[in-house]
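Please read the structure below before turning to the comments.
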Amino acid sequence: MNKKLLIALSVAAAAAAPLGAARAATVVYGKVNLSVDAWDTQTSAQNFTGVSAKFRGAKINRGHNIDLDSNQTAVGVKGSEALGGGLKAIYQLEWQLDPTVSGGGNRGKMGGYIGNGGGSKDAWKGRDMWIGLKSAGMGIVRFGTVTTSYKQTGKMVDPLWRTSLQARNLGMESPLQKGAGEDGQGRANRTIRYDSPSMMGAKLIGTYTLHSNTSKANDDPYSLAMVYHQGPILGFASYITNSHGGNDSAWKIGGKFSYAGAALFGQFEKDNGMITRSFAGYSGYHASNASGGGANTWFLGGSYKMGRTMVIAEYGQGGLSHANNLGVKRNNDETAYLIAAKYAFSRRTYVYGGWARVAANTEAVGFKHQDLLTIGMAHSF
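Residue numbers (our numbering): 149 to 529.
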């Protein structure tokens, strides 16, 4: 399958070349991002009887290991066509792959939130895939599989996004910033997304999902965000619900302020059920009239850039879930923190490294803390 997709990408790019006079050429792009991750889990043996446990929706493995991992390595094609009157047709097809694995379906054990989530290492997996229209006066509308506005704002305040130390891997951002599906996950299938034009730095982003399950025909998820970005100031507010009844929403605020190479950033998420749902995985997202809430999640961070080097520090907490009917443990509050650095060889190539700890505030959940030490390299093309 890998060879077929690569051939398809090459043919698409080659076929577009002679049509340059009529439309913008199709662009093949991507990012390769690999890291060596060493993790160690300190457990509470009396409550951690197996090889792994679930904590805030993540798989926490017992023991320690060193692994070579891919951090959302991806390849895609994108392009546009001028339709006249300032209107353009636009499209994007993007896939995720894992260069550390030959073939698909090989299961690698990682440290839950830390690293890549402890799941299967897929050789090929779809990411954002859509077609749409764009104009300066009307904004952008996309149809297909898209990033929700809730997830979109989350990556605006994470300088370590798509690394092993990204905030959504450490529980400093909720799982609503990752995953894929049609029940409120970070990448939404069967969805329409609209981005308004920016007016004095302010814009609106919205998504609406057309649920394919006939039993949820009137339970379509949607997300909304207001974003303000002008000069050194970034601020946003976002709301998401899957409309499945009961406790089924979350909202957040966040932002960033930059000055003379330094930056302060952070985000606060209020759980009205959706974050607790995300801890239960698909069954939680998909459940009707589910109860739960309380798992408010926040983090603060700072960075300082000196020439080509950026140093980063972050601290965050996750609140415990209230009583729920999703099977999510209630004593699941946590504290997380990290220190890291990035060095840019060029605009497209950089290396990074750092250390992070995720600690359970209540050891009765089955483990005390988990540490990660990582060093990685990324190149965009």
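Just so it is clear, CB atoms sit at the ideal spot from N, CA and C, and this is done for glycine as well.
According to DSSP, residues forming a beta bridge with residue 423: Per DSSP, none; premise fails for residue 423.
Whole-angstrom Cβ separation of residue 420 and residue 436, contact assumed at under 8 Å? About 16 Å; that fails the 8 Å criterion.
With the cut-off set at 8 Å, would you say residue 216 and residue 248 are in Cβ contact? Going by beta carbons, residue 216 and residue 248 fall inside the 8 Å limit.
Could you check what DSSP says for residue 299 in three-state terms: helix, strand or coil? DSSP, read as helix, strand or coil, puts residue 299 in helix.
Quick test of your reading: residue 334 and residue 282, contact by CB under 8 Å. State the CB separation rounded to the nearest angstrom. 23 Å between Cβ atoms; not a contact.
Quick one: give me the first and last residue of the beta strand (DSSP E) that residue 312 is part of. Where residue 312 is concerned, there is no enclosing beta strand (DSSP E), because DSSP gives it neither an H nor an E.
The ligand ZN and residue 367: does the residue's C-beta get closer than 7 Å to at least one heavy atom of that ligand? Judged by which ligands are present, the structure shown has none, so any question about the ligand ZN falls away.
Helix, strand or coil, according to DSSP, for residue 518 in the structure here? Three-state result, residue 518: strand.
According to DSSP, is residue 325 part of a helix, a strand, or is it coil? For residue 325, the secondary structure class from DSSP, reduced to helix, strand or coil, is helix.
Just verifying my parser: in three-state terms, what is the DSSP assignment at residue 212? Residue 212 falls in the strand class under three-state DSSP.
Counting pairs of Cβ atoms below 8 Å between the region 288–299 and the region 326–341, do you hit three or more? Verdict: yes, contact present.
Name the one or two DSSP bridge partners that residue 499 has. Per DSSP, the beta bridge partners of residue 499 are 491 and 525.
Option nearest residue 310 by Cα separation, candidates 500, 518 and 505: Comparing alpha-carbon positions, the option among 500, 518 and 505 lying closest to residue 310 turns out to be 500.
Is it a yes or a no for the region 203–217 touching the region 230–243, going by three-plus beta-carbon pairs under 8 Å? No, the region 203–217 is not in contact with the region 230–243.
Over the uninterrupted alpha helix (DSSP H) stretch that includes residue 431, give me the two end residues. Element bounds for residue 431: 430–434.
Smallest Cα separation from residue 346: which of 360, 428 and 376? Taking only the C-alpha atoms, the option nearest residue 346 is 376.
Return the CA-CA distance between residue 380 and residue 485, expressed in angstroms with no decimal places. Between residue 380 and residue 485, the C-alpha separation is close to 25 Å.
Sheet register partners of residue 274 (DSSP bridge): Paired residues: 243.
Span of the beta strand (DSSP E) holding residue 306? Premise fails: residue 306 is in no beta strand (DSSP E) and is neither H nor E.
Using a Cβ-Cβ cutoff of less than 6 Å, which residues in the same chain neighbour residue 386 once the five nearest sequence positions on both sides are dropped? Excluding residues within five positions, the ones whose Cβ falls inside 6 Å are 297, 298, 301, 373 and 400.
On the DSSP bridge assignment, give the partners of residue 347 in chain order. Per DSSP, 350.
Can the beta-carbon of residue 369 be found less than 8 Å from the beta-carbon of residue 205? Residue 369 places its beta carbon 8 Å or farther from that of residue 205.
Looking at residue 460: is its Cβ nearer than 8 Å to the Cβ of residue 445? Going by C-beta atoms, residue 460 is not nearer than 8 Å to residue 445.
Quick one: Cα of residue 321 to Cα of residue 449, how far? Spanning the two alpha carbons is a distance of roughly 12 Å.
Determine the burial state of residue 378: buried for a count of at least 16 other Cβ atoms within 10 Å of its Cβ, exposed for fewer. So residue 378 counts as exposed.
Let me know if residue 489 comes out buried or exposed under the rule of 16 or more other beta-carbons within 10 Å of its beta-carbon. It counts as exposed.
Out of 492, 287, 383 and 242, which has the shortest C-alpha to C-alpha gap to residue 305? Per the Cα distances, 383.
Buried or exposed: where does residue 493 fall if 16 or more other Cβ atoms within 10 Å of its Cβ makes it buried? Here residue 493 is exposed, its C-beta having fewer than 16 other C-beta atoms within 10 Å.
What are the boundary residues of the beta strand (DSSP E) that residue 469 is part of? Run containing residue 469: none; DSSP gives neither H nor E here.
Cβ neighbours of residue 366 in the same chain (closer than 7 Å, five flanking residues each side left out): If we look at residue 366 and ignore the five residues flanking it on each side, it has no Cβ neighbours.
Can you list, in chain order, the residues of its chain with a C-beta nearer than 6 Å to that of residue 260? Leave out the 5 residues immediately preceding and following it. Any reading at residue 260 needs caution, since the residue's pLDDT is 42, under 50, leaving its predicted position unreliable; the model's value is listed next. So the list reads 206, 207, 208 and 266, once near-sequence residues are dropped.
So what does DSSP say about residue 330, is it helix, strand or coil? Three-state result, residue 330: coil.
In angstroms with no decimal places, state the Cα-to-Cα distance between residue 454 and residue 491. A direct Cα-Cα distance of roughly 10 Å separates residue 454 from residue 491.
Can you tell me whether residue 495 is buried or exposed? The criterion is at least 16 other CB atoms within 10 Å of its CB, across all chains shown. Its Cβ having fewer than 16 others within 10 Å, residue 495 is exposed.
Nearest-angstrom Cα separation, counted from residue 180 out to residue 526: Take the alpha-carbon of residue 526 and the one of residue 180: they are about 6 Å apart.
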